[in-house]
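Asks:
Numbering (our numbering), first residue to last: 235 to 561.
So this is what it looks like as structure tokens:
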């Protein structure tokens, strides 16, 4: 007989985290624990207002599945019973972890994957004025890959130039979070290419990204808010060169693995990303990220503190999670 518990947690952010849609000083996550006998599996999700999710509603969606989960629902049944999103992610990852704990077989092996290796993650610089972003880049000196949050307010080139000045040897990703206008994509991309930017993430609002079809952009484009799960992948292949796969969008590791296989078949390269969350949310994402062209799993580095048995980061290199955490 299983038992499920649902905990809403608040984790302080070190300073604040700012993107084009606003700022926050804490990360609100939902942790799910599924117990069966002496074993427990855990998962974590981040409700995301961009997709109409609230902490209350996501917790309620998980609670509504409690009886089915306690009666032995499988991961395959879960995919059919719930839509993709944060709620399914927490349950799906907890079920993977539970199976690993019961069987004594790590999740990577259960999923038919290679044993995970250390990964180099991007480190995110929040949206700010150029001078502040220059100082943040200097503080991140030595990190090989920086991801810059931009705004589409006319100051983005100045921001990137300031970061380039502060971190002359870092590879740079820029993330507009849907903040640009279609007419600005190519002019901005040409200027960013001169600053050695290697990737532009989600330049346009998802509902407007058809404007990207057929353009000859000097920097590869990556879908984030335009990319959710398996549906719509064919359309993305005509607009973007990369897709950002996040567990809270795919609704868990189960569909996340399928999304990556689907992306590869459509010649889309892969970034694996995250919300601002603890190491428990990053742990299953490390399996997705093996072999990804870009890894953006710095969520715990942005927090003032992390949970017990946290993933170990050595600057921007993250180690595989310990079984005591997940998997």
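Cβ atoms here follow ideal geometry from the backbone N, Cα and C, with glycine treated the same way.
State the CB to CB distance for the pair residue 397 and residue 434, rounded to an integer number of angstroms; the pair is presumed to be in contact (CB under 8 Å).
Replies: At roughly 14 Å, the Cβ-Cβ gap does not stay under 8 Å, so residue 397 and residue 434 are not in contact.
Asks: Within a Cβ cutoff of 7 Å, which residues of the same chain sit near residue 595, ignoring the five residues on either side of it in sequence?
Replies: The displayed coordinates of the chain run from 235 to 561. Any statement about residue 595 would go beyond what the structure contains.
Asks: Taking C-beta to C-beta, are residue 391 and residue 422 nearer than 8 Å?
Replies: yes
Asks: If you draw a straight line from the alpha carbon of residue 309 to that of residue 365, how long is it in whole angstroms?
Replies: 48 Å
Asks: Could you work out which residue in 259, 362, 444, 374 is closest to residue 205 when comparing CA atoms only?
Replies: Residue 205 is absent from the model: the chain starts at 235 and stops at 561.
Asks: I need the boundaries of the alpha helix (DSSP H) containing residue 345, first residue and last residue.
Replies: Neither: residue 345 is in no alpha helix (DSSP H) and is coded neither H nor E.
Asks: Between which two residues does the alpha helix (DSSP H) harbouring residue 392 extend?
Replies: Per DSSP, residue 392 is one residue of the alpha helix (DSSP H) stretching across 390-400.
Asks: For residue 443 and residue 460, what's the separation of their Cα atoms in angstroms?
Replies: 8 Å
Asks: Under 8 Å, do residue 451 and residue 419 count as touching if we go by C-beta distance?
Replies: yes
Asks: Just checking, does the segment 261-276 make contact with the segment 498-506 on the three C-beta pairs under 8 Å criterion?
Replies: no
Asks: Under 8 Å between the Cβ atoms of residue 493 and residue 470?
Replies: At least 8 Å separates the beta-carbon of residue 493 from that of residue 470.
Asks: Looking at residue 518 and residue 561, is the spacing between their C-beta atoms short of 8 Å?
Replies: yes
Asks: At what residue ranges does the segment 458-487 contain a whole run of the alpha helix (DSSP H), taking only runs of 4 or more?
Replies: 467-470, 481-484
Asks: What three-state label does DSSP hand residue 409 in the structure shown?
Replies: If DSSP states are grouped into helix, strand and coil, residue 409 belongs with the strands.
Asks: Can you tell me where the beta strand (DSSP E) with residue 279 in it begins and where it stops?
Replies: Taken as a continuous stretch (DSSP letters only), the beta strand (DSSP E) holding residue 279 covers 273-279.
Asks: At what residues does the beta strand (DSSP E) containing residue 241 begin and finish?
Replies: 236-253
Asks: Are the segment 312-332 and the segment 480-493 in contact at 8 Å, needing three or more beta carbon pairs?
Replies: yes
Asks: Indicate the three-state DSSP secondary structure (helix, strand or coil) for residue 339 in the structure shown.
Replies: coil
Asks: State the DSSP-derived secondary structure class of residue 436, mapped to helix, strand or coil.
Replies: coil
Asks: Distance check for residue 546 and residue 558, CA to CA, integer angstroms please.
Replies: 13 Å
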